[in-house]
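Asker:
Now the structure itself:
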C-alpha cells in the first residue's frame, strides 16, 4: 500500500470487516470456553488439550489481524516488518520453549521426588 | 543540517544513509521498536506464568470459578462474560482508533476528534472494568483455610456447592479480644488486620456440621490412565484417590474428600484466608494471585498511560496542531501504541481466562 499522505484512500469498509472478524473469533472463544466440549478436552496433542491449542491458534489469528490491519504492518517495508516480527517470533518461541520445558521438569520432580511438599 | 553531514558518495543507494531504507519516519520506526521491546517484556511475564502453571499443572485454580462476577448480578455464576465484554470494549476502541488514523490521512479534523474521543472513552471504561475485577478478586467470595504446608482448603456441602467461611464458623460470642494497636501496647508494634473468624471457630463449626466436606486444590486426574500405568507409584496414587474422594470420576475438577478424610485434613489448618493479596489467596497457590496482579496490573498501567497519551494528542488535534503541521502522523503513532495494548490483552485474555 502506497504511503502517500496527501491523498489517501479511505479504508473504512476494510476496518469494519476486520472488526467483525475479530468479534466473531472472540465470541467463538468465549462459547468454547463456557461449554468446553468434552472431546476437545479429552484429546491431547503434544501434551496439551486440543481445546487449548484451538484457543492459542485463534489468539494468534487475532494478533495477526490486529498487527497487519490495524497497526498497518502490511503497508510497511519488508525490512521494518521483518526486524520487528521475526525478532519477536523467534525470541518468544525460544523463551516459551525453555520455560515450559523447565516447568514440566520441576513438576515431575515435585511429584516424583522423595520429599514431601505437603506436610 | 545538510552541510554538516559528510558526503560518502553512497547517498543514492539504499543503506547508504542518505535516504530511509525502512521508509518510515524516525518516530514511527522507534515506536515500532519500543513496541517490540514491550512485547518481549509481556512475553517474559506470560512465559513465567506458563512456567509456574506447568509446575503446578495438577493444582492450578480454575479461572471460571474465580472470575465469575458480572455487575448487578449478585450470586449469579457468570464465568467469563465480563472479561469477554471487556475484550469487546478494547477491540472496539482499537477500531475507533484506526478510524481516527484513517480520518487523519484524509485530513478530516472533525472526524479525528470524534473517533479519538470514542477511543478515550473505551479505554477509560476498560480501566474501570479492570479495577472492578481487581476489587472482586481482592475481596474474595467464600474464603478458605490454609494448612501448615501452605495448601488452600475450601468448604463444600454434600452437593458439592461452595460454602463460605461465615456459614461454616460457629462464632464464639464470649470471645472478647481487642486488636493490638500502637496506642494500647508497645508503641513500635501493632498487629495486622485480624481475621473475621478464628481457626478454632471454623474447626468447631466444621466438626458440628456433618454435611461439610473439604475441597482441595488438587485436580482429579484420569484414574483409568493412572491405574493402567506401569509405575507402582501412579497405581498407588489412583487407589488412594479412589478410596478417599467423593468425586473420583470428576476428571479435571477439584478433588473433594470424604467426611473422615476431610476431618483429618482439618487437623493441619493453621489460618483462614479471605480474598487475595500477594502472599495468600483463597483461590489456590499464591503464585496465581501474584501473576494476576502483575500481568493484569502491568497491562492496566499500559492502558492508563495509553489513555493519557491519547488525551494529550486529542487536545492537540482540537487545537489544530496537526492541521498546521499538515499531517496527522502523531495520531498514527499513538494509534500504534493503543493497538499494541489491545494486542497484549488478546493474549492475556487467552492465557488467564480461557486456557
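Chains as they are written, first to last, in UniProt numbering: chain W, 1 to 119; chain X, 1 to 355. Note that CB positions come from ideal geometry on N, CA and C, so glycine has one too. Note that this is a predicted model, so its numbers are computed, not measured.
Of the residues that make up the region 78–107 of chain W, which ones have a beta carbon closer than 7 angstroms to any beta carbon in chain X?
Answerer: The residues in question are 79, 80, 84, 87, 88, 91, 92, 95, 96, 99, 100, 102, 103, 104, 106 and 107.
Asker: Taking Cβ-Cβ distances shorter than 8 angstroms, what residues in chain X pair up with residue 22 of chain W?
Answerer: Here residue 22 of chain W corresponds to residue number 22 of the first chain, with the count starting at 1. Chain X residues near residue 22 of chain W: 91.
Asker: Assuming residue 138 of chain X and residue 282 of chain X are in contact, meaning their beta carbons sit under 8 angstroms apart, how far apart are those beta carbons, in whole angstroms?
Answerer: On the second chain, residue 138 of chain X is found 138 positions in, with the first residue counted as 1. On the second chain, residue 282 of chain X is found 282 positions in, with the first residue counted as 1. Not really, about 11 angstroms apart at Cβ, beyond 8 angstroms.
Asker: Over what stretch of residues does the alpha helix (DSSP H) that includes residue 59 of chain W continue unbroken?
Answerer: Your numbering for residue 59 of chain W matches position 59 in the first chain. Looking at the DSSP string, the run of the alpha helix (DSSP H) that includes residue 59 of chain W is 50–65.
Asker: Quick check on the DSSP output: the beta strand (DSSP E) that includes residue 155 of chain X runs from which residue to which?
Answerer: Reading the second chain from its first residue, position 155 is the one you call residue 155 of chain X. Residue 155 of chain X -> beta strand (DSSP E) spans 152–156.
Asker: So is residue 33 of chain W in contact with chain X if we call contact Cβ pairs under 8 angstroms?
Answerer: Your numbering for residue 33 of chain W matches position 33 in the first chain. It does: the Cβ of residue 33 of chain W has a partner Cβ on chain X nearer than 8 angstroms.
Asker: Following the continuous alpha helix (DSSP H) through residue 254 of chain X, name the residue where it begins and the one where it ends.
Answerer: Residue 254 of chain X sits at position 254 when you count from the first residue of the second chain. First-last for residue 254 of chain X: 254–257, but that is the beta strand (DSSP E), not the alpha helix (DSSP H).
Asker: Going by C-alpha distance, which of X/235, X/57, X/91 and X/66 is nearest residue 106 of chain W?
Answerer: On the first chain, residue 106 of chain W is found 106 positions in, with the first residue counted as 1. Here the closest residue by C-alpha is X/57.
Asker: Note down, in chain order, every chain A residue with its Cβ under 9 angstroms from the Cβ of residue 115 of chain W.
Answerer: Of the protein chains in the structure, W and X, none is chain A.
Asker: Name the DSSP beta bridge partners of residue 276 of chain X, please?
Answerer: Taking the second chain and counting its residues from 1, the one referred to as residue 276 of chain X is at position 276. Residue 276 of chain X is bridged to X/281.
Asker: Residues in the same chain with beta-carbon distance under 7 angstroms from residue 2 of chain W, minus the five sequence neighbours each way, listed in chain order, please.
Answerer: The sequence position of residue 2 of chain W within the first chain is 2, counting from 1. Residue confidence for residue 2 of chain W is low, a pLDDT of 42 falling below 50, so the modelled location carries little weight; the figure read from the coordinates is stated next. Correct list: empty, nothing qualifies.
Asker: Do we get a CB-CB distance below 8 angstroms when we pair residue 346 of chain X with the residues of chain W?
Answerer: Locating residue 346 of chain X in the second chain gives position 346, counting from the first residue. Yes, because at least one Cβ of chain W sits closer than 8 angstroms to the Cβ of residue 346 of chain X.
Asker: From residue 6 of chain W to residue 71 of chain X, what distance separates their C-alpha atoms?
Answerer: Stepping through the first chain from its first residue, residue 6 of chain W is reached at position 6. Stepping through the second chain from its first residue, residue 71 of chain X is reached at position 71. Bear in mind that the predicted position of residue 6 of chain W carries a pLDDT of just 45, short of 50, making it unreliable; the figure below should be weighed with that in mind. Computed Cα separation, rounded: 47 angstroms.
Asker: Using the rule of at least 16 other Cβ atoms within 10 Å of the residue's Cβ for burial, across every protein chain shown, is residue 354 of chain X buried or exposed?
Answerer: As a working mapping, residue 354 of chain X is identified with position 354 in the second chain. So residue 354 of chain X ends up on the buried side.
Asker: Which residues in the same chain as residue 41 of chain W place their Cβ atom closer than 7 angstroms to its Cβ, once the five residues preceding and following it in sequence are excluded?
Answerer: Translated into the one-based positions of the first chain, residue 41 of chain W becomes position 41. Excluding positions up to five away in sequence, the list reads 49 and 51.
Asker: When DSSP builds the beta bridges, which residues end up paired with residue 44 of chain W?
Answerer: Mapped onto the first chain, residue 44 of chain W falls at position 44. In DSSP, residue 44 of chain W forms a bridge with W/49.
Asker: Please list the partners that residue 43 of chain W has in chain X, where partner means a Cβ-to-Cβ separation under 8 angstroms.
Answerer: What you label residue 43 of chain W is simply residue 43 of the first chain in a count that begins at 1. Simply none; closest approach about 13 angstroms.
Asker: Using DSSP's beta-bridge definition, name the partner residues of residue 44 of chain X.
Answerer: Within the second chain, residue 44 of chain X is the residue found at index 44, counting from 1. According to DSSP, residue 44 of chain X bridges with nothing at all.
Asker: Tell me, to the nearest whole angstrom, how far the beta carbon of residue 100 of chain W is from that of residue 54 of chain X; I am working on the premise that it is less than 8 angstroms.
Answerer: In the first chain, the residue the question calls residue 100 of chain W occupies position 100. In the second chain, the residue the question calls residue 54 of chain X occupies position 54. Yes, they are in contact, since the Cβ atoms of residue 100 of chain W and residue 54 of chain X sit about 6 angstroms apart, within 8 angstroms.
Asker: If we count the other Cβ atoms within 10 Å of its Cβ and call it buried at 16 or more, is residue 61 of chain X buried or exposed?
Answerer: The residue given as residue 61 of chain X occupies position 61 in the second chain. Flag for residue 61 of chain X reads buried.
Asker: By the DSSP assignment, the beta strand (DSSP E) with residue 213 of chain X in it spans what residues?
Answerer: For the purposes of this step, residue 213 of chain X is taken as the residue at position 213 of the second chain. Residue 213 of chain X -> beta strand (DSSP E) spans 213–219.
Asker: Skipping 5 residues on each side, what residues in its chain have a beta carbon closer than 6 angstroms to that of residue 335 of chain X?
Answerer: Position 335 of the second chain, counted from the start, is the residue given in the question as residue 335 of chain X. Excluding residues within five positions, the ones whose Cβ falls inside 6 angstroms are 97 and 101.
Asker: Under the rule that 16 or more other beta-carbon atoms within 10 Å means buried, what is residue 178 of chain X, buried or exposed?
Answerer: Numbered from its first residue, the second chain carries residue 178 of chain X at position 178. The residue is exposed, with fewer than 16 neighbouring Cβ atoms inside 10 Å.
Asker: Using the beta-carbon of each residue, which ones in chain X are nearer than 9 angstroms to residue 15 of chain W?
Answerer: On the first chain, position 15 is the one that residue 15 of chain W refers to. Here the neighbours are 95, 98, 99 and 102.
Asker: Given 8 angstroms as the limit, is there contact between the region 57–76 of chain W and the region 19–32 of chain W, that is, 3 or more CB pairs closer than that?
Answerer: Yes, since at least three Cβ pairs between the region 57–76 of chain W and the region 19–32 of chain W fall closer than 8 angstroms, the two stretches touch.
Asker: For the structure I just gave you, are there three or more beta carbon pairs, one from the region 116–123 of chain X and one from the region 299–308 of chain X, closer than 8 angstroms?
Answerer: Touching, yes, given that three or more Cβ pairs across the two stretches are closer than 8 angstroms.
Asker: Compare the C-beta of residue 298 of chain X with all C-beta atoms of chain W and state if any pair is closer than 8 angstroms.
Answerer: Counting from one through the second chain, the residue named residue 298 of chain X turns up at place 298. Residue 298 of chain X does not count as touching chain W.
Asker: So with Cβ pairs under 8 angstroms, would you call residue 46 of chain W a contact of chain X?
Answerer: Position 46 of the first chain holds residue 46 of chain W. So no, residue 46 of chain W is outside the interface.
Asker: What three-state label does DSSP hand residue 20 of chain W in the structure shown?
Answerer: For the purposes of this step, residue 20 of chain W is taken as the residue at position 20 of the first chain. Correct three-state label for residue 20 of chain W: helix.
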